[in-house]
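Trainee: Residue 426 in our numbering sits at position 410 of the sequence shown; the count goes up by one each step and never skips. Please find one structure pasted underneath; my questions will follow.
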Amino acid sequence: MWKGRFQVETSNLVQKYGESISFDWRLYPYDIQGSIAHAAALQDAGILSKAEQLSITKGLKEIKKEIDSGEFKFRTSLEDIHMNIESALTEKIGDAGAKLHTARSRNDQVALDTRLYCRAESKAIYERLLNMQDALLTLAKKNPDAVVPGYTHLQRGQPVLFAHHLLAYLEMLDRDCGRLRDAYSRINHMPLGSGALAGSTIPVNRKLIADLLEFPQVTQNSMDAVSDRDYLAELMFVISMVGIHLSRLSEDVILWASAEFNFIELSDAHTTGSSLMPQKKNPDVAELTRGKSGRLIGNLMSLMTTMKGLPMTYNRDLQEDKEPLFDSVETIKIALEVFAEMMAEASVKADVTAEATSDPFLLATDLADYLVRKGVPFRQAHEIMGELTAYSIREDIPFQDLSDEEWEQFSPVFESDVRDVLNVETALKARKAVGAPSPANVARQIAKWEKRIAKPPGLV
Ligand code: ARG
17 MWKGRFQVET SNLVQKYGES ISFDWRLYPY DIQGSIAHAA ALQDAGILSK
67 AEQLSITKGL KEIKKEIDSG EFKFRTSLED IHMNIESALT EKIGDAGAKL
117 HTARSRNDQV ALDTRLYCRA ESKAIYERLL NMQDALLTLA KKNPDAVVPG
167 YTHLQRGQPV LFAHHLLAYL EMLDRDCGRL RDAYSRINHM PLGSGALAGS
217 TIPVNRKLIA DLLEFPQVTQ NSMDAVSDRD YLAELMFVIS MVGIHLSRLS
267 EDVILWASAE FNFIELSDAH TTGSSLMPQK KNPDVAELTR GKSGRLIGNL
317 MSLMTTMKGL PMTYNRDLQE DKEPLFDSVE TIKIALEVFA EMMAEASVKA
367 DVTAEATSDP FLLATDLADY LVRKGVPFRQ AHEIMGELTA YSIREDIPFQ
417 DLSDEEWEQF SPVFESDVRD VLNVETALKA RKAVGAPSPA NVARQIAKWE
467 KRIAKPPGLV
């Protein structure tokens, strides 16, 4: 492609070191789509005849079919997807193909291809995020009454509905959806026409290209447009955040599926056995997801580190953006798919979770609130309940079995109605504030999420 200036062939080692076709072949549908739009703009600018434009478009569509079907031979010597396609086109249609690169550089071409790729993949990820929310909602709806201990420091804290615990993840994934929409709005700018860095002396109608490719706006600075990778970093941050959320859920699932908790049973289809220990049923999907989230974060760090020291404008370092990007996109898509399938089919052992939630200490705070309602300052109530807890442990008498006299020893404010507080159902019903886990609140939230998932805001 640059033979004019050079007397010696590129060394084989340099070709091997610098090629990107082994991974950027993934951009082919976008490269072709972009070239078809570029050809239309070149025709509009009077560089290509109508016949030339048609022959380019036809040739590119044929190449697309050849790549789709696996017939196309990618050549490492042609370095990247852009040159592989252009060279195949020129072989196919002759001179018209050689005109296609007018007013274009691989720098704005790769920026366009990557934006088109990110746009398509953002939509795919968005869809999967919604499916994942739907799967968690399905599990919540299948177990509307199941109660679980809520934990802080992985110590039992207070009772919650299992559905409330799951809906916490819908909140996280909803923020991820919002972040994705936000990132999308900055991906959705059309960079072609920026040339190598300073546009072109041949005036191409960039607005026309943007319209053909359905971009609502064109980039406004050619130097920025060929070197900007912020939109990739943003997308990869969103993906990392989704990964972190799935990783946290993984940890919950791994704990819940252990014999120690025994709160859920995963389907055989989503677990694996051990080659040595016949009794094992391992939550590998959750472990892999927890593991893969590290890779997603690593990919983001890799891109940001690549970007941070680059002088304006395009530098070849930027070719290093693609492998982490492709890896993150592909990893998060399958992680969301498999996780959604697994969660929708998990079964909750409501008897075991109820047993765990019947631990009376989970209601120690509710007892302190009882004292508060009767006029005891909270700090004193807290201390009284602390002493009562220590007494209950020492004497091995659960709260509900303490006699009236024992209660009174700790505070004269306690009356026999204190035992009404010692009930998980009462405790949940009383948690009525916005965001708290009363059954009525949780039912309202479930209805809200059903509507939202059915009619999500679009990506623009
Ligand atoms: N394969 C290159 C990349 O991914 C395409 C752009 C190359 N531009 C250049 N002037 N060498 O960044």
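Glycine residues also receive a C-beta, built at the ideal position from the N, C-alpha and C atoms.
Can you find the residues in the same chain that come closer than 8 Å, C-beta to C-beta, to residue 91, ignoring five residues on each side of it along the sequence?
Mentor: Cβ within range, chain order: 37, 100, 103.
Trainee: Smallest Cα separation from residue 264: which of 379, 188, 137, 175?
Mentor: Minimum Cα distance to residue 264 is reached at 188.
Trainee: Pop quiz: residue 145 and residue 258 are said to be a contact at Cβ under 8 Å. What is the actual Cβ separation, rounded to whole angstroms?
Mentor: Going by Cβ atoms, the distance from residue 145 to residue 258 rounds to 7 Å, so yes, they are a contact pair.
Trainee: On the three-pair Cβ rule with 8 Å, is the segment 275-293 touching the segment 185-205?
Mentor: Counting Cβ pairs under 8 Å, fewer than three are found: no touch.
Trainee: Excluding five sequence neighbours on each side, which residues of the same chain lie with their C-beta closer than 8 Å to the C-beta of residue 436?
Mentor: 442, listed in sequence order.
Trainee: Can you check which of these residues, 147, 332, 410, is closest to residue 212 by C-alpha distance?
Mentor: Comparing Cα positions, the closest option is 332.
Trainee: Where does residue 168 sit, in a helix, a strand or coil, going by DSSP?
Mentor: Strand at residue 168.
Trainee: Report buried or exposed for residue 389, applying the criterion of at least 16 other Cβ atoms within 10 angstroms of its Cβ.
Mentor: Exposed, since its Cβ has fewer than 16 Cβ neighbours within 10 Å.
Trainee: Looking only at C-alpha atoms, which of 167, 455, 140 sits nearest to residue 196?
Mentor: Selected option, being the one with the closest Cα: 140.
Trainee: Hey, is residue 334 close to the ligand SAH, as in C-beta under 7 Å from one of its heavy atoms?
Mentor: What this structure holds is the ligand ARG, not the ligand SAH.
Trainee: So residue 97 packs on residue 33, CB below 8 Å; how close in whole Å?
Mentor: Not a contact, Cβ separation roughly 17 Å.
Trainee: Closest by CA to residue 42, which one among 422, 136, 276?
Mentor: Comparing Cα positions, the closest option is 136.
Trainee: Tell me the residue span of the alpha helix (DSSP H) that contains residue 397.
Mentor: That run of the alpha helix (DSSP H) goes 394-411.
Trainee: Using a Cβ-Cβ cut-off of 7 Å (strictly less than) and excluding sequence neighbours within five positions of residue 405, which residues of its own chain qualify?
Mentor: 377, 380, listed in sequence order.
Trainee: Would you kindly work out how many angstroms separate the C-alpha atoms of residue 110 and residue 75, rounded to a whole number?
Mentor: One C-alpha to the other measures close to 10 Å.
Trainee: Between which two residues does the alpha helix (DSSP H) holding residue 468 run?
Mentor: Counting along the chain, the alpha helix (DSSP H) containing residue 468 begins and ends at 455-470.
Trainee: Count the other C-beta atoms from every protein chain shown that fall within 10 angstroms of the C-beta of residue 174, then say buried if there are 16 or more, exposed otherwise.
Mentor: When all chains shown are included, residue 174 counts as buried.
Trainee: Quick one: is residue 241 buried, meaning 16 or more other Cβ sit within 10 Å of its Cβ, or exposed?
Mentor: Buried.
Trainee: Alpha carbon to alpha carbon, what distance is there between residue 77 and residue 277?
Mentor: The straight-line gap from Cα to Cα measures roughly 57 Å.
Trainee: Could you give the C-beta distance for residue 423 and residue 153, rounded to a whole number, given that I count them as a contact under 8 Å?
Mentor: Not confirmed; about 42 Å, so no contact.
Trainee: Any heavy atom of the ligand ARG inside 7 Å of the beta-carbon of residue 169?
Mentor: Result no, Cβ not under 7 Å from the ligand ARG.
Trainee: Just curious, the alpha helix (DSSP H) that residue 83 is in, first and last residue?
Mentor: Start and end: 66-85.
Trainee: Are the beta-carbon atoms belonging to residue 216 and residue 235 less than 8 Å from one another?
Mentor: No, Cβ-Cβ distance for residue 216 and residue 235 is not below 8 Å.
Trainee: Report all residues from its chain with a CB closer than 6 Å to the CB of residue 477; omit the five preceding and five following residues, and keep chain order.
Mentor: No statement about residue 477 is possible, as the shown extent of the chain runs from 17 to 476 and does not include it.
Trainee: Does DSSP put residue 125 in a helix, a strand or coil?
Mentor: Helix at residue 125.
Trainee: Quick one: what's got a C-beta closer than 6 Å to residue 122's C-beta in the same chain, skipping five residues either side?
Mentor: Cβ within range, chain order: 98.
Trainee: Can you tell me whether residue 395 is buried or exposed? The criterion is at least 16 other CB atoms within 10 Å of its CB, across all chains shown.
Mentor: It is exposed - the Cβ of residue 395 has fewer than 16 other Cβ atoms within 10 Å.
Trainee: Give the DSSP-derived three-state secondary structure of residue 298 in the structure shown.
Mentor: DSSP places residue 298 in strand when its eight states are reduced to three.
Trainee: Classify residue 163 as buried or exposed, calling it buried when 16 or more other Cβ atoms lie within 10 Å of its own Cβ.
Mentor: Per the 10 Å Cβ criterion, buried.
Trainee: Which of the three DSSP states, helix, strand or coil, is assigned to residue 280?
Mentor: The answer is strand: DSSP assigns residue 280 an E or B state.
Trainee: Who does residue 174 pair with in a DSSP beta bridge?
Mentor: Answer is 166, bridged to residue 174.
Trainee: Using 8 Å for Cβ pairs, my map puts residue 453 next to residue 186. What's the rounded Cβ distance?
Mentor: Actually they do not touch by this definition, with Cβ atoms about 14 Å apart.
Trainee: Please report the straight-line C-alpha distance between residue 316 and residue 249, rounded to a whole angstrom.
Mentor: For residue 316 and residue 249, the distance between alpha carbons rounds to 6 Å.
Trainee: By Cβ distance, which residues of its chain are closer than 7 Å to residue 95, with the 5 residues on each side in sequence left out?
Mentor: Counting only Cβ-Cβ distances below 7 Å, and skipping sequence neighbours, we find 34, 35, 36, 37.
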